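Numbering of the first sequence is given in the working numbering, commencing with residue 80 and proceeding in unit increments.
For each residue, glycine too, the CB sits at the ideal point set by N, CA and C.
Since this is a predicted model, take the numbers as computed values, not measurements.
Below: one structure, written as structure tokens.
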Amino acid sequence: MKQQLEDMYKAMTSHYGPTHWWPGDTAFEIAVGAILTQNTAWTNVEKAIANLKQADLLHPRRMVATSLAELENAIRPSGYYRQKAERLHIFCRFLFENHRGSMKRLAALPLETLRPMLLNIKGVGPETADDILLYACEKPVFVIDAYTRRILARHGLIEEHIPYDALQQLFHHYLPRQVALYKECHGLIVYTGKDYCRRRPACAQCPLRNWAAQCQQ
DNA sequence: GTCCAGGGCCTAC
DNA sequence: GTAGGCCATGGA
Numbered sequence: 080m081k082q083q084l085e086d087m088y089k090a091m092t093s094h095y096g097p098t099h100w101w102p103g104d105t106a107f108e109i110a111v112g113a114i115l116t117q118n119t120a121w122t123n124v125e126k127a128i129a130n131l132k133q134a135d136l137l138h139p140r141r142m143v144a145t146s147l148a149e150l151e152n153a154i155r156p157s158g159y160y161r162q163k164a165e166r167l168h169i170f171c172r173f174l175f176e177n178h179r180g181s182m183k184r185l186a187a188l189p190l191e192t193l194r195p196m197l198l199n200i201k202g203v204g205p206e207t208a209d210d211i212l213l214y215a216c217e218k219p220v221f222v223i224d225a226y227t228r229r230i231l232a233r234h235g236l237i238e239e240h241i242p243y244d245a246l247q248q249l250f251h252h253y254l255p256r257q258v259a260l261y262k263e264c265h266g267l268i269v270y271t272g273k274d275y276c277r278r279r280p281a282c283a284q285c286p287l288r289n290w291a292a293q294c295q296q
């Protein structure tokens, strides 16, 4: 398995080069993007983030102070806008109540206390928490998303419905616990998933086509 | 018009 | 503890 994961990484990186994933100018913007992208195409999230910037709402203090209606209006293109506006408010309140509104203070906490803390926030599940941990807080946590699951399952490496934590443990066990590696590897999985593994038939040009023979399954 | 996207919560068994 | 319904917009 270790060798297969390393080969997968090599195949993707030689195809795409460095992705520098995740896009975002600040840690807070990354956290907001992590909530907005829940079950949503990134192109729609970009529109919502552009609206938030336009309205100068992409700061914890501005966002928590704005009305739910105004927030909903700004993030409407990302879908589920009522739920997500509430989740953004809840996240901001969490930041102020526990960390003086500072992502930097949040990130200073050790991973062992930080992850349960994030998972305890309504609207933050495992993937959203790990997005925030890895990309906003620079913690060595591997993000599992639908692409990761789909790609590995399609190549016969895992059973598709393996639990989140079990799949994450697999990456933690077989790849070195390095922030930069985890960021890039997940970014490459996102690129590969978007480009080649979204629909079937898929993998004619897939960077992973030689990695496993089951690519066409 | 139809399908689907980088989840997570809630409810019912 | 888990399966199923629900949330919503925009692009293919």
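Best match in the options for proximity to residue i [C-alpha to C-alpha]
i	options	result
R179	A148, V143, G158	V143
D135	F170, A153, N123, D244	A153
R229	T116, E239, R141	E239
T98	Q284, N199, C285, I268	I268
Q257	V220, L246, A225	V220
G112	Y275, L188, D210	D210
G204	Q117, P102, A259, R184	Q117
E206	L236, I200, D224	D224
I114	D104, R184, K201	K201
L249	L236, A259, L188	L236
Cβ neighbours of residue i in the same chain (closer than 6 angstroms, five flanking residues each side left out)
i	result
L131	L137, A153
P156	N123, K126, A127
T227	I268
A232	E239
P280	Unreliable placement is indicated for P280, whose pLDDT of 49 sits below 50; no coordinate value is reported for it.
T105	none
L174	P139, G180
L246	I223
P102	none
CB-CB length for residue i against residue j, believed under 8 angstroms
i	j	result
Y88	Y270	Not really, about 12 angstroms apart at Cβ, beyond 8 angstroms.
L254	L84	6 angstroms
L190	L213	No, L190 and L213 are not in contact; Cβ-Cβ is about 10 angstroms, not under 8 angstroms.
W100	K273	Their Cβ separation, rounded to whole angstroms, is 11 angstroms, which puts W100 and K273 out of contact at 8 angstroms.
L147	E165	7 angstroms
Cβ-Cβ distance between residue i and residue j below 8 angstroms
i	j	result
A215	I128	no
H265	V222	yes
K218	L193	yes
F107	M182	yes
A208	L198	yes
Same chain only: Cβ atoms within 7 angstroms of residue i, ignoring 5 sequence neighbours per side
i	result
C140	The residue asked about is misnamed: residue 140 is Arg in this sequence, not Cys. Here the set comprises G180.
G158	T119, N123
K81	Y253
C171	P139, M142, V143
H251	F221
S93	none
T145	L136
L243	Checking the sequence, you will find Tyr at residue 243 rather than Leu. Cβ within range, chain order: P205, I223.
L260	L254
Q296	For Q296, the pLDDT reaches just 40, beneath the cut-off of 50, and the residue's location in the model is therefore unreliable, leaving the point undetermined.
Nonlocal neighbours in the same chain, by C-beta distance under 8 angstroms from residue i, ignoring five residues either side
i	result
E151	Y160, R161, A164
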